[in-house]
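S.K.: Below is one structure. I have some questions about it.
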Amino acid sequence: MKRLAICLCLLATTAPAQEVAEAPGAKLRLLDKLTGQVTDIDLSRGQSQTVGRLTVQMDGCRYYPDSPAAEAFAHLTVLDSNVPDPVFNGWMTASSPALSALDNARYDVWVLRCDVPDVVLPEVEDPPENTPGEGQDPAVDPNADPATTDDGNG
Numbered sequence: 068m069k070r071l072a073i074c075l076c077l078l079a080t081t082a083p084a085q086e087v088a089e090a091p092g093a094k095l096r097l098l099d100k101l102t103g104q105v106t107d108i109d110l111s112r113g114q115s116q117t118v119g120r121l122t123v124q125m126d127g128c129r130y131y132p133d134s135p136a137a138e139a140f141a142h143l144t145v146l147d148s149n150v151p152d153p154v155f156n157g158w159m160t161a162s163s164p165a166l167s168a169l170d171n172a173r174y175d176v177w178v179l180r181c182d183v184p185d186v187v188l189p190e191v192e193d194p195p196e197n198t199p200g201e202g203q204d205p206a207v208d209p210n211a212d213p214a215t216t217d218d219g220n221g
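Numbering-wise (the working numbering), the sequence shown opens with residue 68 and increments by one.
This is the structure in structure tokens:
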């Protein structure tokens, strides 16, 4: 009887699982911390791409069908050419990349989004380029070599 009561209490307190859908691909971002180079990678399920020493394979990407742009969960396998075993093999969450992160001294990899069919993402305009006189001191030449510029200090 006690077991039945405990089971009923546990069932009453657990939330139902939210439905997820599988996407055909994902967009990932890779940062080379040594050079500062950022690379965006579009991968289909099962596809891999090599950037520097890393080979990233996207095994699957899941999202919530009721809000596909809100969250993405991608299963990745990451190989480093200097290490025999995978340096990462698991799920990464787009909104919390540190929750399950690649632990690598040189590279960071994180999930941006799943490629969801029939979802149109908003257009984002490039920021306007500053021309002299627009929010810039006209006496400052951004292309000047600071080593040869006279700053008035002799």
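Glycine is no exception: its CB is placed at the ideal position from the N, C-alpha and C atoms. Being a predicted model, the structure only gives us computed values, none of them experimental.
1. Distance, Cα to Cα, arginine 129 vs glutamine 85?
2. Do you know whose CA, among Pro135, Glu138, Arg120, lies nearest proline 151's CA?
3. Would you kindly report the start and end of the unbroken beta strand (DSSP E) that includes glutamine 104?
4. Mind listing, in chain order, the continuous beta strand (DSSP E) runs of no fewer than 3 residues lying wholly within the region 137 to 177?
5. Have a look at leucine 95 and valine 178 and give me their C-alpha separation to the nearest angstrom.
6. Sort Leu98, Thr117, Ser111 by Cα distance to arginine 173 and report the nearest one.
7. When you compare only the Cα positions, how much space is there between alanine 88 and leucine 110?
8. If you compare alpha carbons, which of Arg112, Val176, Ala165 is closest to aspartate 104?
9. Which word fits proline 205, buried or exposed, when buried means at least 16 other C-beta atoms lie within 10 angstroms of its C-beta?
10. Could you tell me if the beta carbon of proline 91 falls within a distance shorter than 7 Å of some heavy atom in the ligand HEM?
11. Nearest-angstrom Cα distance between glycine 157 and serine 163?
12. Mapping the DSSP letters down to three states, classify glutamine 124 as helix, strand or coil.
13. Could you check what DSSP says for glutamine 114 in three-state terms: helix, strand or coil?
M.R.: From the atom records:
1. Taking the sequence shown and counting its residues from 1, the one referred to as residue 129 is at position 62. Taking the sequence shown and counting its residues from 1, the one referred to as residue 85 is at position 18. Looking at the two C-alpha atoms, the distance is approximately 12 Å.
2. Along the sequence shown, read from residue 1 onward, the residue named residue 151 stands at position 84. Of the candidates Pro135, Glu138, Arg120, the one whose C-alpha sits nearest the C-alpha of proline 151 is Arg120.
3. As a first step, residue 104 must be located in the sequence shown, where it is residue number 37. That residue, glutamine 104, is in no beta strand (DSSP E); it is neither H nor E in DSSP.
4. Runs of the beta strand (DSSP E) inside the region 137 to 177: 140 to 147, 155 to 160.
5. Reading the sequence shown from its first residue, position 28 is the one you call residue 95. Reading the sequence shown from its first residue, position 111 is the one you call residue 178. Whole-angstrom Cα-Cα distance: 5 Å.
6. Reading the sequence shown from its first residue, position 106 is the one you call residue 173. For the residues Leu98, Thr117, Ser111, the minimum Cα distance to arginine 173 belongs to Leu98.
7. Taking the first residue of the sequence shown as 1, we reach residue 88 at position 21. Taking the first residue of the sequence shown as 1, we reach residue 110 at position 43. So the two alpha carbons sit approximately 17 Å from each other.
8. Here the question's residue 104 lines up with position 37 in the sequence shown. Correcting the residue type first, residue 104 is glutamine in the shown sequence and not aspartate. Among Arg112, Val176, Ala165, the Cα nearest to that of glutamine 104 is on Val176.
9. In the sequence shown, counting from the first residue as 1, residue 205 sits at position 138. No answer about proline 205 holds up, because its pLDDT of 48 lies below 50 and its placement is not dependable.
10. Questions concerning the ligand HEM fall outside what the structure shown contains, since it holds no ligand whatsoever.
11. For the purposes of this step, residue 157 is identified with residue 90 of the sequence shown, where counting begins at 1. For the purposes of this step, residue 163 is identified with residue 96 of the sequence shown, where counting begins at 1. Their Cα atoms are separated by approximately 14 Å.
12. Sequence index remark: in the sequence shown, residue 124 carries index 57 (1-based). Here glutamine 124 sits in strand by DSSP.
13. Here residue 114 corresponds to residue number 47 of the sequence shown, with the count starting at 1. Looking at glutamine 114 - three-state DSSP - the assignment turns out to be coil, as it is neither helix nor strand.
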